[in-house]
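**Q** In UniProt numbering, the protein residues as written are 1 to 232.
Note that CB positions come from ideal geometry on N, CA and C, so glycine has one too.
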């Protein structure tokens, strides 16, 4: 066989052209349908790369993902190079995609006040006999993106590492941060440590353009808002 007629395996391709590496470098949306299926397949054969095999399979369904998604294990196993295990993997992945599409998106919670934030966090602090520190992350429209446990401690305190807080906020593309921790004692008054930490985090947030807009202290009977009290 002429050297130039030999097909290169995926491992011989430029790194940016390999489906897995391409996904890592540029994100999943930059991959073609065939490249995504090739990742599910994992490997091709000596005569056909996983991408070529994926193109052949999709071509059999006129590149209609809906039709492709309805194919069963036995049907996919008929393609040369696709054994039962690979067919099962493809069917499972496509079924997850279908279920995701059918799943109703949860209601977007908008935080317009300290009470809104309290309601969003209240269940996370209910009946705790130790201190925990959480962050509630918002987008620029004040919609909740996510909430995260930062640290756990004892009955008298917990350590909130600013590096962990801002790393979490950056990873989740937050615009605003609401800090929150509880006082198992039931005392809503902020300690000197609470005041110092809040000031430190507010100033750090300004430098990173990740504004700390409030800090809540929660107990089983209520909450204290640094923002409402004019401390932020």
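(1) Taking DSSP as the reference, what is the three-state secondary structure of residue 132?
(2) What do you reckon, are the CB atoms on residue 76 and residue 218 nearer than 9 Å?
(3) State the CB to CB distance for the pair residue 207 and residue 180, rounded to an integer number of angstroms; the pair is presumed to be in contact (CB under 8 Å).
(4) Closest by CA to residue 119, which one among 93, 141, 221 and 60?
(5) Give me, in chain order, the residues of the same chain whose beta-carbon lies closer than 6 Å to that of residue 37; leave out the 5 immediate sequence neighbours on both sides.
(6) Alpha carbon to alpha carbon, how far is residue 147 from residue 140? Give it in angstroms, no decimals.
(7) Please look up how many angstroms separate the CB atoms of residue 117 and residue 178, rounded, as I've assumed it's under 8 Å.
(8) Per the DSSP calculation, residue 222 is bridged to which residue(s)?
(9) Secondary structure at residue 232, three-state DSSP: helix, strand or coil?
(10) To which residues of the same chain is residue 144 closer than 8 Å at the C-beta, ignoring the five residues directly before and after it?
(11) Could you name the residues that DSSP lists as bridge partners for residue 176?
(12) Using the Cα positions of residue 28 and residue 20, report the straight-line distance between them to the nearest angstrom.
(13) Indicate the three-state DSSP secondary structure (helix, strand or coil) for residue 111 in the structure shown.
**A** Answer, in terms of the structure:
(1) Residue state, collapsed to three classes: strand.
(2) Against a cut-off of 9 Å, the Cβ pair of residue 218 and residue 76 comes out as no contact.
(3) Rounded to whole angstroms, the Cβ separation of residue 207 and residue 180 is 22 Å, and the two are not in contact under 8 Å.
(4) When each option's Cα is compared against that of residue 119, the closest is 221.
(5) Within its own chain, the residues whose Cβ lies closer than 6 Å to the Cβ of residue 37, once the five positions on either side in sequence are excluded, are 54, listed in chain order.
(6) About 16 Å.
(7) The C-beta distance from residue 117 to residue 178 rounds to 5 Å, short enough to fall under 8 Å.
(8) DSSP lists 219 as partners of residue 222.
(9) Residue 232 sits in coil when the DSSP states are folded into three classes, being neither helix nor strand.
(10) Closer than 8 Å at the Cβ level, and outside the excluded window around residue 144, lie 108, 109, 110, 111, 120, 136, 137 and 138.
(11) DSSP lists 138 and 211 as partners of residue 176.
(12) Across the structure, residue 28 and residue 20 are spaced so that their CA atoms are roughly 9 Å apart.
(13) DSSP places residue 111 in coil when its eight states are reduced to three.
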